[in-house]
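Chains as they are written, first to last, in this note's numbering: chain E, 1 to 525; chain H, 526 to 953. Worksheet: one structure, shown below.
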């Protein structure tokens with residue numbers, strides 16, 4: 001059993017938790033973040049990668065629009081390495097109401113979101129694949145953001161301020177005494193030991209899982225309404241900018257160029273279990289149809305991978321307007337003092353990746369007030385530490401790095417330009433990481449071949465340089481292939497079927513990986 | 526002399542072209558890409574798993590032909606082909622490639638793979654067979670730091686933890702050598718290539734001076750009696766490079782196939798292509814068949830478009846050897862509609878749920894394909910051939926995923942020879 005004593009325990013390693021741990025650490029609290037899996041493995045890593053300009057909300061939710069516009073500018077300044085400022089267009093597609101543009105422009109003006117109508121000819125010149133039948137186009141400051149880089153940046157910043165980040169630590173119990181939080185008990189899943197973290201405050205940032213955490217502390221059930229959405233990554237950057245349908249927010253209305261791919265999203269369907277998210281073929285078809293409206297021929301481009309994420313919206317009838325501060329629609333802090341007679345815990349839900357820093361500011365402000373302390377938020381003022389080599393969001397930076405070291409290093413993953421050094425450095429820094437953990441940081445296996453060529457190389461390197469024995473390395477290889485398949489089979493068509501068949505010939509045909517001896521205990525992480 | 530058009534230059538297409546040329550046909554071989562041999566392991570699988578590990582492949586084929594298949598399910602292509610076709614096909618291949626393939630349909634080799642699994646295969650290249658595992662075999666698995674597709678430590682460790690089918694284990698150790706395929710120019714600050722492909726190594730090993738240098742580096746590190754396992758890069762053009770290296774080392778040597786590009790696969794491809802050319806087969810590379818013409822229930826020509834103009838190839842018979850999904854012979858569009866891409870032939874094995882979530886399970890999609898008659902002609906629901914002179918061979922046939930049961934090469938060779946013989950008989 002490992003014992004720690006801190007001021008604050010942050011539960012959840014998504015964007016909210018990472019933003020919160022950075023904020024509390026910068027305000028001088030001793031803090032620990034616990035996450036049951038890897039950083040950004042939940043909702044944060046399963047969205048479309050859009051850094052909102054606010055345009056999406058200028059008509060439906062002006063308060064969110066204003067927040068997005070402000071936070072977009074802040075994040076672009078403090079986390080430049082995680083962001084690519086592509087710009088965006090809102091376009092009126094054939095059949096859409098051209099009059100909505102007037103509402104949009106008026107809403108943008110009112111909420112301070114930069115927006116400028118451009119001519120259709122100009123839009124088509126800049127985006128040659130865009131539907132030539134568009135009627136209007138409005139330029140906004142949308143961008144692409146890498147959720148993993150964002151979270152790792154915030155987490156690393158928190159570490160510099162003394163915080164500890166404990167991934168693969170599952171909360172097993174929240175200990176209270178006399179109505180006051182005393183400790184968080186965890187299981188270290190990779191180190192296989194129990195951890196007790198004594199504290200007097202818990203910030204519950206578990207997103208779609210926040211209800212489960214609140215219940216552990218003995219609070220009345222917090223109802224999390226989990227809205228499942230699917231996304232599909234298409235090969236190549238089909239556009240230079242983010243494309244949005246100029247309509248009231250609906251399904252499949254956003255296409256984001258990110259890294260080497262373009263991501264279309266999303267749908268919104270009530271999910272019952274945030275740990276069991278399906279990718280129904282009807283929704284895949286819906287997104288492909290929606291893509292076809294924005295980009296004619298979309299269905300003939302190559303779909304690489306799909307995933308489902310879950311929006312953590314909190315619905316709580318027990319809480320009156322007096323004790324919940326609605327910072328905006330979608331962002332809510334639950335104060336368990338009034339609601340449950342429980343001191344030392346706040347739960348946050350809702351929100352968007354773009355406003356993750358602001359959410360953290362709000363919940364930590366609230367905690368400070370409850371503790372009777374005045375410690376101002378400084379997260380908007382200070383840049384997060386610069387990400388290491390090869391950790392930049394922009395694909396062109398990787399190309400430049402490869403130009404420089406092409407004669408000095410091997411490429412492990414040709415699709416995503418992951419060099420041997422990048423892989424080894426990540427492996428050495430995180431000796432217990434699975435290949436999926438490393439993938440989230442390096443993009444290993446996320447390109448067109450979906451791991452067909454890099455996975456065997458990664459396995460070999462893990463044995464030679466990562467101190468893994470062949471059994472574990474082989475199991476990580478198998479786990480990686482099986483996990484890639486989860487996001488492949490629901491969208492498999494066209495050229496990607498061909499790729500999947502080739503990959504099967506490689507791993508099962510040539511290598512016969514399925515017939516290596518099985519370990520006594522299955523490797524799952 | 527009758528003209529036969531073969532479409533596709535994988536194992537099935539190349540074997541069909543050779544066999545047809547042997548019988549005196551005027552063969553044109555149209556192909557779009559390089560053919561699947563370059564992506565495979567460079568051995569000939571007949572049956573590796575059924576579903577347990579197979580030691581006698583022809584016996585497994587015979588069992589498969591006797592297996593009762595429930596109505597509505599697909600049968601393995603071997604059931605229609607029969608044991609004799611497999612024997613004839615394999616014997617033919619051994620006869621045309623005597624330097625490159627050894628083995629017997631009665632037994633499988635059990636050969637190490639580049640991840641250290643032990644893989645059954647029927648015919649292997651002579652450069653591989655010293656790796657046929659046996660209890661207490663002393664192995665030195667040797668890799669190159671500059672060749673990223675082969676990690677000898679992973680291979681050796683996985684081999685050591687595998688109990689052999691007949692009991693016991695091999696005893697493998699590994700050596701990772703700093704030995705470059707391409708050296709930098711003399712006096713150059715560059716120290717040669719760090720990220721070499723299997724092909725770069727294979728070309729280097731074609732040069733005897735390189736082999737001598739390599740043997741000098743490796744030999745002192747070997748222990749008495751060790752068998753040396755190397756990545757399959759021991760020569761591309763020189764079929765005796767491996768034997769020469771073994772002699773220089775004074776140790777038995779074997780090659781372990783790598784992921785694509787496959788040097789052993791390229792050897793097979795080159796040998797079959799060279800033989801076909803020597804027999805007068807005309808190959809037309811880099812073309813895709815875009816259309817075809819039919820008269821009185823027979824295909825009379827296929828159309829290509831190598832440049833601006835189209836070009837028709839007429840024939841008395843046609844062999845469709847375009848492969849499965851991996852090769853482009855079959856395709857599935859974004860609506861889930863599955864087609865044979867060239868003649869839009871009727872497919873069998875289509876299911877509502879053609880893919881499933883378990884990566885290690887069977888994926889029905891990859892079992893669908895063409896059903897053929899005794900002359901290997903694709904048939905429709907009525908059981909009648911769709912075109913009287915169109916034959917289909919290889920991976921496009923329904924009923925198996927060759928990568929799972931390791932039967933792809935056997936199906937290709939048996940069907941190609943059977944189709945060629947049916948055509949020769951018909952045209953005689």
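All C-beta atoms in this analysis are idealised placements derived from N, C-alpha and C, irrespective of residue type, glycine included.
The Cβ-Cβ distance between residue 924 (chain H) and residue 725 (chain H) does not fall below 8 Å.
At a cut-off of 8 Å between beta-carbon atoms, residue 673 (chain H) makes contact with chain E.
Rounded to whole angstroms, the gap between the alpha carbons of residue 246 (chain E) and residue 595 (chain H) is 54 Å. CA-CA distance, residue 449 (chain E) to residue 862 (chain H), rounds to 22 Å. Beta bridge pairing from DSSP links residue 578 (chain H) with H:574.
If you draw a 10 Å sphere on the C-beta of residue 746 (chain H), you find fewer than 16 other C-beta atoms in it, and that means exposed. Under the 8 Å criterion on CB atoms, residue 745 (chain H) is classed as non-interfacial with respect to chain E. Chain E has a Cβ within less than 8 Å of the Cβ of residue 564 (chain H). The alpha-carbon separation between residue 196 (chain E) and residue 185 (chain E) amounts to approximately 5 Å. For the options E:457, E:424 and E:309, the alpha carbon positioned closest to that of residue 466 (chain E) is the one of E:424. The beta carbon of residue 845 (chain H) does not come within 8 Å of any beta carbon belonging to chain E, so the residue lies off that interface.
The Cβ-Cβ distance between residue 136 (chain E) and residue 101 (chain E) falls below 8 Å.
Straight-line measurement puts the Cα of residue 68 (chain E) at about 23 Å from the Cα of residue 158 (chain E). Distance from the Cα of residue 866 (chain H) is smallest, within the candidate group H:874, H:617, H:875 and H:845, for H:845. Residues of chain H whose Cβ lies closer than 8 Å to the Cβ of residue 262 (chain E) do not exist; the shortest such Cβ separation is about 15 Å. Secondary structure in the region 47-81 of chain E: the alpha helix (DSSP H) runs of 4 residues or longer, each lying completely within the stretch, are 62-78 in chain order. DSSP lists H:855 as the beta-bridge partner residues of residue 865 (chain H). Residue 86 (chain E) carries a coil assignment under DSSP once its states are collapsed to helix, strand and coil.
Linking residue 396 (chain E) to residue 314 (chain E) through their CA atoms gives a straight-line distance of about 39 Å.
According to the DSSP assignment, residue 899 (chain H) belongs to no beta strand (DSSP E), since it is labelled neither H nor E. Shown in chain order are the members of the region 627-641 of chain H whose Cβ falls below 9 Å from a Cβ of chain E: 638, 639, 640 and 641.
At the C-beta level, residue 664 (chain H) and residue 752 (chain H) come within 8 Å of one another.
For residue 201 (chain E), the enclosing beta strand (DSSP E) begins and ends at 201-204.
E:130 is the residue among E:113, E:495, E:362 and E:130 whose C-alpha sits nearest the C-alpha of residue 121 (chain E). Residue 914 (chain H) is classed as buried because its beta carbon has at least 16 other beta carbons within 10 Å across all chains shown.
H:661 is the residue among H:717, H:661 and H:587 whose C-alpha sits nearest the C-alpha of residue 694 (chain H). Sequence-distant partners of residue 538 (chain H) (beyond 5 residues in either direction) whose C-beta falls short of 6 Å from its own C-beta, in its chain, are 531 and 846. Here residue 786 (chain H) has 563, 722, 723 and 724 as same chain residues with Cβ atoms under 7 Å from its own Cβ, once five neighbours each way along the sequence are excluded.
Listed by position along chain H, the residues whose Cβ is nearer than 8 Å to that of residue 302 (chain E) form an empty set, because the closest Cβ is around 10 Å away. The Cβ atoms of residue 675 (chain H) and residue 639 (chain H) sit closer than 8 Å to each other. Counting along the chain, residue 826 (chain H) sits inside the beta strand (DSSP E) bounded by residues 823-829. Counting only the Cα atoms, residue 282 (chain E) lies some 32 Å from residue 83 (chain E). Listed by position along chain E, the residues whose Cβ is nearer than 7 Å to that of residue 559 (chain H) form an empty set, because the closest Cβ is around 13 Å away. Taking the beta carbon of residue 928 (chain H) as reference, the chain E residues within 7 Å of it are 504, 505, 508 and 509, listed in sequence order. Between the alpha carbons of residue 927 (chain H) and residue 515 (chain E) lies a gap of roughly 15 Å. Around the beta carbon of residue 851 (chain H), 16 or more other beta carbons sit within 10 angstroms, so the residue counts as buried.
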